[in-house]
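**Student:**
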Amino acid sequence: MQLLVIGLNHKTAPVAMREQLAFAAEDLPIALDSLKAITQGAVILSTCNRTEIYALAPEGQTLTSTMSQVIEWLAAFKNTPMQKIAPHLYQYQNNHALLHWVRVASGLDSMILGEPQILGQIKQAVRQSRAKEGISSKLSWVIQQVFAAAKQVRNETRVGSQAVSLGFAAAKLVTQIFQKPSNNTLLVVAAGEMNRLVATNIAGLGVGKVIICNRSPERAALLASELETIVPQIEITPLDQLANVLPQADIVTSCSGSLYTLIDKTMVKQALKQRRHQPMLMIDLAVPRDIDPTVSELDDVYLYSIDDLQHVIAGNLEQRRQAAVEAELLVSQIVVAIERKYLVRQVGQDIQQYREQAKHHADMILSQSLQQLADGHAAEAVLTELTRKLTQTLTHAPSKLLRETASEQPVETVNFVAQQLTHAFRKDKCPYLTHNNTLLDDEPASPSFDNQ
492 MQLLVIGLNH KTAPVAMREQ LAFAAEDLPI ALDSLKAITQ GAVILSTCNR
542 TEIYALAPEG QTLTSTMSQV IEWLAAFKNT PMQKIAPHLY QYQNNHALLH
592 WVRVASGLDS MILGEPQILG QIKQAVRQSR AKEGISSKLS WVIQQVFAAA
642 KQVRNETRVG SQAVSLGFAA AKLVTQIFQK PSNNTLLVVA AGEMNRLVAT
692 NIAGLGVGKV IICNRSPERA ALLASELETI VPQIEITPLD QLANVLPQAD
742 IVTSCSGSLY TLIDKTMVKQ ALKQRRHQPM LMIDLAVPRD IDPTVSELDD
792 VYLYSIDDLQ HVIAGNLEQR RQAAVEAELL VSQIVVAIER KYLVRQVGQD
842 IQQYREQAKH HADMILSQSL QQLADGHAAE AVLTELTRKL TQTLTHAPSK
892 LLRETASEQP VETVNFVAQQ LTHAFRKDKC PYLTHNNTLL DDEPASPSFD
942 NQ
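Below you can see the structure in the form of structure tokens.
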């Protein structure tokens, strides 16, 4: 396949090295342009956890030679000594490279097992390479197979189906309690980093309104600016107005860092009364807790602490690990199938070339025969000689192939080739003859990479 992967990730390199070899957005066009000179198409994937180059070696050049050139190019482009980079790099070729690419796209090689973001990052990397015309038809075909494989792994296994981050777990709770998030209001109590991540995940479900209740209006405004593209209505209110806005909230997420309880049982009782006992989901991420634990005793309130979410995440991670075993097996099977499809497409080009050569020789023989008929030679003798020459021309290459197979390949391969050749012209097997022995049009060659 002439496919190669060169890269490093969170398992092979420390953060400092990953930062040094990461590609900034403005550097990618230049990098992709320069890679054209040494590859037959390339994709650069650069994230916080990995930098990888997927590429095809040019026709007529060995993979080993191309890989050496790409590593040298990387060291030069990043102005980093080769000996400093080499210990952290992994290198894969052909089926091993394809297996690695599919595993990465499926989330099996990620720091968080099964995370879905990596596939989107690969798609973005592909778009960037296409914009620089850095993807050949053959590499484009490989990319299509990788995307299809990742989708199949997602659909047929549960490796990415369970929440394994606080934000994802919190958003999952919302979908389990509320059918239409667009009708719900999210109250964010304190706009710190953890609460920001959780609030962003929940807001991403499409909630109708977000109320940010925070001591610092500046930090509240910063969170509001992040959410304004996905939430139609955002309100900022001081923390001392918490009791007044609580009745509006269907979902509450709190993480203040306060030493005292911010939401007590009495506040929630009053809020429920004003809400006419519509259900409330309350997520307390704080330690010490912001929400009085006895609130969970109230009807129509679903209260989850950070420990509750961590238990959910731990259980989900174990489920992902179990699903990953199944996913790894599926990936191996998919890669074998892709390799077979690749060979079929590759041999399509060889078949087309062989047929063109056969047609050229047949045309030459036909031209000679027509000239002989024009010169007055007996038609029967001319046709007999035409048949003999065509037979010799068309059977020479298969005969040579059979002899070389017999001298170099296992006996099973020899028997298979011999049987296929000797049975090819049986009346019930030959694709060129109808039931009355008339010739059919030539069958099309196998699809090539240029005919996607």
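Quick note on our numbering: the sequence shown kicks off at 492 and runs consecutively. Note that the Cβ used here is the ideal one computed from N, Cα and C, for glycine as well. Computed from a predicted structure; not experimentally measured.
1. What number of angstroms, rounded off, separates the C-alpha of LYS880 from the C-alpha of LEU630?
2. On the DSSP letters alone, give me the boundaries of the alpha helix (DSSP H) that ILE562 sits inside.
3. For THR553 and ALA865, what's the separation of their Cα atoms in angstroms?
4. Just to confirm my understanding: we take ALA602, look at its own chain, exclude 5 residues before and 5 after, and list those with CB closer than 6 Å. What are they?
5. Taking the alpha carbon of LEU523 as the point to measure from, which residue in PRO505, TRP632, LEU696 and SER627 has its own alpha carbon closest?
6. Are there 16 or more other CB atoms within 10 angstroms of the CB of VAL680, so buried, or fewer, so exposed?
7. Terminal residues of the continuous beta strand (DSSP E) containing SER745?
8. Can you find the residues in the same chain that come closer than 8 Å, C-beta to C-beta, to VAL650, ignoring five residues on each side of it along the sequence?
9. Taking the C-alpha atoms as reference points, what is the distance between ILE529 and ARG594?
10. Check whether the Cβ atoms of LEU696 and ALA662 lie closer than 8 Å to each other.
11. Which residue or residues does DSSP assign as beta-bridge partners of GLU726?
12. Within the same chain, show all residues whose beta-carbon is closer than 6 Å to that of ARG706, passing over the 5 residues directly before and after it, in chain order.
13. Report back the beta-carbon spacing between LEU536 and GLN635 to the nearest angstrom; my notes put them in contact at under 8 Å.
14. If I'm right that ASP775 touches ILE797 with Cβ under 8 Å, what's the distance once you round it to whole angstroms?
15. The beta strand (DSSP E) spanning THR542 covers which residue range?
16. Considering only residues of the same chain and omitting the five flanking positions on each side of GLN584, which have a CB-CB separation below 6 Å?
17. Starting from GLY498, trace the beta strand (DSSP E) both ways and give me its first and last residue.
18. Could you check where the beta strand (DSSP E) with ASP600 kicks off and where it finishes?
19. Any beta carbon of chain C sitting closer than 8 Å to that of SER860?
20. What residue ranges within the region 658-719 form continuous alpha helix (DSSP H) runs of no fewer than 4 residues, ordered along the chain?
21. How about VAL698 and LEU677: are their beta carbons less than 8 Å apart?
22. Could you tell me the distance, in whole angstroms, from the CA atom of PRO549 to the CA atom of SER525?
23. If you run the structure through DSSP and keep just helix, strand and coil, what is ASP932?
24. Taking ILE852 as the reference, which of ALA872, LEU834 and ALA888 has the closest Cα?
25. With a CB to CB cut of under 7 Å and the five nearest residues on each side skipped, what residues in its chain are close to PRO607?
26. What does the alpha-carbon distance come out to for the pair TYR794 and ALA640?
27. Would you call THR538 buried or exposed, if buried means 16 or more other Cβ atoms sit within 10 Å of its Cβ?
**Tutor:** Put simply:
1. 41 Å
2. 554-568
3. 53 Å
4. A quick correction: the sequence has Met, not Ala, at residue 602. So the qualifying residues of the chain are HIS501 and ASN540.
5. SER627
6. buried
7. 742-745
8. SER597, GLY598, LEU599, LEU604, GLY605, VAL644, ARG811, ALA814, ALA815, GLU817 and ALA818
9. 26 Å
10. yes
11. ILE702
12. LEU730
13. 17 Å between Cβ atoms; not a contact.
14. 7 Å
15. 541-547
16. LEU495 and LEU554
17. 494-500
18. It is not in any beta strand (DSSP E) - ASP600 carries neither H nor E in the DSSP assignment.
19. Absent here is chain C; the protein component of the structure consists of one chain.
20. 684-694 and 708-718
21. yes
22. 14 Å
23. Confidence is the limiting factor: at ASP932 the pLDDT is only 48, short of 50, which leaves the residue's position unreliable, though a coordinate-based value still follows. Of the three classes helix, strand and coil, the one that applies to ASP932 here is coil, per DSSP.
24. According to the sequence displayed, residue 852 carries His and not Ile. Per the Cα distances, ALA888.
25. GLY598 and GLY651
26. Here residue 794 is Leu; the residue named in the question, Tyr, does not match the sequence. Roughly 40 Å between the two C-alpha positions.
27. buried
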